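Peer 1:
Number of protein chains: 2
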Amino acid sequence: MSLTLEQIAKLAGVSRSTVSRVINDQPNVRQEVRERVWRVIRETGYQPNLAARSLVTRRTGVIGLVIPRAVQSLFADPFFPQLIQGITQACNTHDYMLALFVLHTKEEEQKLYPRVMRARLLDGAIVAASEIGDPLVRHLIENRLPFVLVGRPDDPTGISFVQPDNVIGAYTAVSHLLRLGYRRIGTITGPLNTTVGLDRRQGYLDALRERHGVIDENLIVEGDFTEAGGHAAMLRLLPHRPEAVFAASDIMAFGALRALREAGLSVPDDVAVVGFDDLPAAASCDPPLTTVRQPIRRTGTQAAEVLIDILNNGPTPPRHITLSVELVIRSSCGVERKR
Amino acid sequence: MSLTLEQIAKLAGVSRSTVSRVINDQPNVRQEVRERVWRVIRETGYQPNLAARSLVTRRTGVIGLVIPRAVQSLFADPFFPQLIQGITQACNTHDYMLALFVLHTKEEEQKLYPRVMRARLLDGAIVAASEIGDPLVRHLIENRLPFVLVGRPDDPTGISFVQPDNVIGAYTAVSHLLRLGYRRIGTITGPLNTTVGLDRRQGYLDALRERHGVIDENLIVEGDFTEAGGHAAMLRLLPHRPEAVFAASDIMAFGALRALREAGLSVPDDVAVVGFDDLPAAASCDPPLTTVRQPIRRTGTQAAEVLIDILNNGPTPPRHITLSVELVIRSSCGVERKR
DNA sequence: GTGAAAGCGCTAACAG
DNA sequence: CTGTTAGCGCTTTCAC
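First to last, the protein sequences are chains A and B.
FYI, the numbering used here numbers position 240 of the first sequence as 240, with every residue one higher than the one before it.
To convert a position in the second sequence, counted from 1, into the numbering used here, add 1000.
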């Protein structure tokens, strides 16, 4: 079956400890011996048994990505694949493995949380930020499992997180619309029980207050980060005759685009539309979508690197990282009409 | 720190072995004792240390999902999120955890493969089928790691796999176009170094041969399962004046749609388009896409369940599961023109 | 039915 | 520099 340290030791003519030292790159091994041992290891394809190792080191080399039920909707768009790519890249670089916990139901949640936290399979966790008030964060703290949030928590005290600059992003998008001359600007928000939803709405409000001064509550409709939700929200917005709409996600913008098309309205001539995310599809839809690009992959990489740094170098003051975003101007905002 | 069996035993006034028996649902424990032990476990929130357990049982309760470099492109569309949802659902149901291995570079591949297979962290693996000739499958067999493929391998001997019915799906789509009266039907294939790409092209050929008899090689263009690839392929198809196009994936169909729009052609009036996958976006694009729906989530669940069955009940004859697909008729195929 | 004891494969003192 | 020894927390014989 699988080789053990003992057998490698015998083959190399040394003791178990020496082999262990070689594998873990510890000092106090003669260069010559070191090479001999490595050769045997390579020739045999030996790999240390992780269970045995972590039983004594109390570390597993595994971090978990937890995706709560509440953010499952996000799973329908390419956000998670990109985030995961970023995370796995950092994991591969730093020799960590990634375990994935996708919670489908409340029962699974209650069954999985204790196991995830107490079975000591995970050295730490990356958590896709959940609804405001989700008890997951509290559980993590209570169980002393190091973790990093993707997205801003409602109360960031003592918590490390990585997020895109949602407020500034939304502010930039809406300012752009104002600069183009639109005045009746509506917004399709994200779910307002999430900080993302709240922050992007905040950016919208900031821009309007600063440049325009007037807020019309009828032009603010809550969406849910789905295409259907964007479609429905646009339908509710239409009677209030918006000249332009800022959708808090591209997926919702696509829904809005569809609603406008179905209503026989032209984008951007009748209604301008701006999104948030810059999904691949944003460039190729009709008309190409003006949107706020957020660096999703980098968010994943950063989150993983912060966590791994904490794991490797011990706890640090919590880090709050906000990644800058960028307005990508295409044609759905009507920029070509040169207002 | 974390509780151990020993401490639970002391609290319950029994021996370590008895607690172990209770936890593992073994016989030979008096009902009364059993309940007393469970109560202590519940009250303390005790969770057995997985490393210690798997050191002796030689099982970890972890299965891996391996995504080779070659299929990374797929990661750009919602295929993987759905597949992962299906897999995690089965994992949660059967008390397994999922570890994710996304290979970004050749170096990572070479570094990770040995570790994945020999470090005994994984009980088994689900592998997203890779290019024909990829050595991963061979490695898995050599290392005796039980695995299930998502997608048909080129040589299925001794291998369990789960796939959608690609040949029939493509055949149905193209037959539908033929029935609508189109004759010059082109196809944008998947990469022809993958079985998916090959099988969907086969279905196209089968339908044409059966109902029409004539194959025009100019109407067959290889794509790569990306939007840009679909766009480029459509551009190459255009000079040959196809009346209809079967794209081997929705993402490529979107690219084709864009190319047609940019060329000032109307869909389906000038060129009809049919896709494959039925992504969420297929229903909401313009015009709504006629496509072949494949049950992605179910594919994931099935793959996981086959693997878990093998792990729990020992090796079985390899299972080859082909899930049926379904033509979803919308308007991009021109059905409304009632030919 | 229950407990005592051995040992899974590794790391980490501690001797030498 | 290197080897010996003692566990890490659990399951699993084997006695009783």
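No residue lacks a Cβ here, since even glycine has one placed at the ideal position from N, Cα and C.
Everything numeric in this text was worked out from a predicted model, so none of it was measured.
Hey, is LEU1121 of chain B's beta-carbon within less than 7 Å of any beta-carbon in chain A?
Peer 2: For this step, residue 1121 of chain B is matched to residue 121 along the second sequence. Closer than 7 Å: yes.
Peer 1: Could you check whether the region 1088-1100 of chain B touches the region 148-166 of chain A, counting it as contact only if at least three pairs of C-beta atoms, one from each stretch, sit closer than 8 Å?
Peer 2: no
Peer 1: Nearest to GLU1227 of chain B by CA position, among A:VAL137, A:ARG209, A:ALA281, is which residue?
Peer 2: Locating residue 1227 of chain B in the second sequence gives position 227, counting from the first residue. Taking only the C-alpha atoms, the option nearest GLU1227 of chain B is A:ALA281.
Peer 1: Using the beta-carbon count (16 or more within 10 Å), is ALA263 of chain A buried or exposed?
Peer 2: In the first sequence, residue 263 of chain A corresponds to position 263, counting from 1. Label assigned to ALA263 of chain A: exposed.
Peer 1: Just how far apart, CA to CA, sit GLY197 of chain A and SER15 of chain A?
Peer 2: Here residue 197 of chain A is taken as the residue at index 197 of the first sequence, counted from 1. Here residue 15 of chain A is taken as the residue at index 15 of the first sequence, counted from 1. Cα to Cα, GLY197 of chain A sits roughly 59 Å from SER15 of chain A.
Peer 1: Which of the three DSSP states, helix, strand or coil, is assigned to PRO1315 of chain B?
Peer 2: Taking the second sequence and counting its residues from 1, one reaches residue 1315 of chain B at position 315. Coil.
Peer 1: Leaving out five residues on either side along the sequence, give the residues of the same chain with a beta carbon under 8 Å from the beta carbon of ILE1310 of chain B.
Peer 2: Within the second sequence, the letter at position 310 stands for residue 1310 of chain B. So the list reads GLY1124, PRO1146, VAL1148, SER1160, THR1316, once near-sequence residues are dropped.
Peer 1: Would the region 130-139 of chain A and the region 160-174 of chain A be scored as touching if the rule is three or more Cβ pairs under 8 Å?
Peer 2: no
Peer 1: Report the residue from B:ALA1248, B:VAL1274, B:ARG1039 whose alpha carbon sits nearest the alpha carbon of PRO1288 of chain B.
Peer 2: Counting from 1 along the second sequence, the entry for residue 1288 of chain B is found at position 288. Ranking the options by Cα distance to PRO1288 of chain B, first place goes to B:VAL1274.
Peer 1: Does ASP286 of chain A come within less than 7 Å of chain B when only Cβ atoms are used?
Peer 2: Position 286 of the first sequence, counted from the start, is the residue given in the question as residue 286 of chain A. So, interface residue.
Peer 1: Looking only at DSSP bridge pairs, what is ASP1277 of chain B linked to?
Peer 2: To locate residue 1277 of chain B, count along the second sequence from 1; it is residue 277. DSSP, once it has assigned bridges, lists B:ARG1293 as partnering ASP1277 of chain B.
Peer 1: Could you tell me the distance, in whole angstroms, from the CA atom of SER175 of chain A to the CA atom of ALA304 of chain A?
Peer 2: Counted from its first residue, the first sequence places residue 175 of chain A at position 175. Counted from its first residue, the first sequence places residue 304 of chain A at position 304. Taking the straight line joining both Cα atoms gives about 33 Å.
Peer 1: Would you check if the distance between the CB atom of GLU1222 of chain B and the CB atom of LEU1192 of chain B is smaller than 7 Å?
Peer 2: The residue given as residue 1222 of chain B occupies position 222 in the second sequence. The residue given as residue 1192 of chain B occupies position 192 in the second sequence. Closer than 7 Å, so yes.
Peer 1: Whose CA, out of A:TYR182, A:GLN31, A:LYS10, lies closest to the CA of ARG337 of chain A?
Peer 2: Here the question's residue 337 of chain A lines up with position 337 in the first sequence. In this structure, A:TYR182 is the residue among A:TYR182, A:GLN31, A:LYS10 with its C-alpha nearest to the C-alpha of ARG337 of chain A.
Peer 1: Kindly provide the ranges of any alpha helix (DSSP H) runs that are 4 or more residues long and lie completely inside the region 207-240 of chain A, ordered along the chain.
Peer 2: 227-237
Peer 1: Determine the burial state of SER54 of chain A: buried for a count of at least 16 other Cβ atoms within 10 Å of its Cβ, exposed for fewer.
Peer 2: Within the first sequence, numbered from 1, the residue matching residue 54 of chain A stands at position 54. So SER54 of chain A counts as buried.
Peer 1: Strictly by DSSP, which residues pair up with PRO1164 of chain B?
Peer 2: As a working mapping, residue 1164 of chain B is identified with position 164 in the second sequence. In the DSSP output, where bridge partners are listed per residue, PRO1164 of chain B has B:LEU1323.
Peer 1: For ALA272 of chain A, which three-state DSSP category applies?
Peer 2: Taking the first sequence and counting its residues from 1, the one referred to as residue 272 of chain A is at position 272. ALA272 of chain A: strand per DSSP, three-state reduction.
Peer 1: Nearest by alpha-carbon distance to VAL259 of chain A: which of B:PRO1242, B:ALA1283, B:ARG1258, B:ASP1269 is it?
Peer 2: Translated into the one-based positions of the first sequence, residue 259 of chain A becomes position 259. For clarity, residue 259 of chain A is Ala in the given sequence; the question names Val instead. Nearest C-alpha to ALA259 of chain A: B:ALA1283.
Peer 1: Which class does GLU6 of chain A belong to by DSSP, given the choice of helix, strand or coil?
Peer 2: By 1-based counting over the first sequence, the position of residue 6 of chain A is 6. Reduced to three states, the DSSP call for GLU6 of chain A is helix.
Peer 1: Using a C-beta to C-beta distance shorter than 8 Å, which residues of chain B count as neighbours of HIS104 of chain A?
Peer 2: For the purposes of this step, residue 104 of chain A is identified with residue 104 of the first sequence, where counting begins at 1. Neighbours of HIS104 of chain A on chain B, chain order: GLN1085, THR1088, GLN1089, ASN1092.
Peer 1: What three-state label does DSSP hand GLY1190 of chain B in the structure shown?
Peer 2: As a first step, residue 1190 of chain B is located in the second sequence; it is residue number 190 there, counting from the start. DSSP places GLY1190 of chain B in coil when its eight states are reduced to three.
Peer 1: Indicate whether at least one CB of chain B lies closer than 7 Å to the CB of SER54 of chain A.
Peer 2: In the first sequence, the residue the question calls residue 54 of chain A occupies position 54. It does: the Cβ of SER54 of chain A has a partner Cβ on chain B nearer than 7 Å.
Peer 1: Go ahead and label GLY1213 of chain B buried or exposed: buried means 16 or more other beta carbons lie within 10 angstroms of its beta carbon, across all protein chains shown.
Peer 2: Translated into positions along the second sequence, residue 1213 of chain B becomes position 213. Counting Cβ neighbours within 10 Å, GLY1213 of chain B comes out exposed, since fewer than 16 surround it.
Peer 1: Run down chain B in chain order and give the residues with a C-beta less than 9 Å from the C-beta of ASP413 of chain A.
Peer 2: The structure shown does not extend to residue 413 of chain A, since chain A is modelled only from 1 to 339, so the question has no answer here.
Peer 1: If you follow the beta strand (DSSP E) that GLY158 of chain A is part of, which residue opens it and which one closes it?
Peer 2: Counted from its first residue, the first sequence places residue 158 of chain A at position 158. Here GLY158 of chain A belongs to no beta strand (DSSP E), and DSSP marks it neither H nor E.
Peer 1: Contact between the region 34-48 of chain A and the region 8-26 of chain A: three or more CB pairs below 8 Å?
Peer 2: The region 8-26 of chain A and the region 34-48 of chain A touch, with three or more beta-carbon pairs separated by less than 8 Å.
Peer 1: Just how far apart, CA to CA, sit VAL1056 of chain B and LEU98 of chain A?
Peer 2: The count along the second sequence starts at 1 and reaches residue 1056 of chain B at position 56. The count along the first sequence starts at 1 and reaches residue 98 of chain A at position 98. When rounded, the distance between both Cα atoms is 23 Å.
Peer 1: Name, in chain order, the residues that DSSP records as bridge partners for LEU994 of chain B.
Peer 2: What is shown of chain B runs 1001 to 1339, which leaves residue 994 of chain B out entirely.
Peer 1: Between which two residues does the beta strand (DSSP E) containing LEU994 of chain B stretch?
Peer 2: The structure shown has nothing for residue 994 of chain B, since chain B only spans 1001 to 1339.
Peer 1: Under 8 Å by Cβ, that's how I've got THR299 of chain A and LEU83 of chain A pegged, so tell me the actual separation to the nearest angstrom.
Peer 2: For the purposes of this step, residue 299 of chain A is taken as residue 299 along the first sequence, with counting starting at 1. For the purposes of this step, residue 83 of chain A is taken as residue 83 along the first sequence, with counting starting at 1. Contact holds; Cβ gap of about 6 Å.
Peer 1: Check each candidate in B:ILE1067, B:ALA1173, B:ALA1253 and name the one with the smallest Cα separation from THR1105 of chain B.
Peer 2: As a first step, residue 1105 of chain B is located in the second sequence; it is residue number 105 there, counting from the start. Ranking B:ILE1067, B:ALA1173, B:ALA1253 by Cα distance to THR1105 of chain B puts B:ILE1067 first.
Peer 1: Spatial neighbours of ILE1154 of chain B within its chain, please: CB distance less than 8 Å, with the 5 preceding and 5 following residues excluded, ordered by chain position.
Peer 2: Here the question's residue 1154 of chain B lines up with position 154 in the second sequence. Checking the sequence shown, residue 1154 of chain B turns out to be Asp, not Ile. Hits under 8 Å: ILE1132, GLY1133, THR1195.
Peer 1: To the nearest angstrom, how far is the alpha carbon of LEU327 of chain A from that of ARG184 of chain A?
Peer 2: Working through the first sequence from its first residue, we reach residue 327 of chain A at position 327. Working through the first sequence from its first residue, we reach residue 184 of chain A at position 184. If I take the Cα positions, the gap works out to 20 Å.
Peer 1: Taking GLY1064 of chain B as the reference, which of B:TYR1046, B:VAL1127, B:GLN1026, B:LYS1111 has the closest Cα?
Peer 2: The residue you call residue 1064 of chain B lines up with position 64 of the second sequence. Looking at the Cα atoms, B:VAL1127 is the closest of the given residues.
Peer 1: Once the 5 residues before and after THR1322 of chain B are set aside, which same chain residues still bring their CB inside 6 Å of it?
Peer 2: Your numbering for residue 1322 of chain B matches position 322 in the second sequence. Answer for THR1322 of chain B: GLN1163, ASP1165, listed in chain order.
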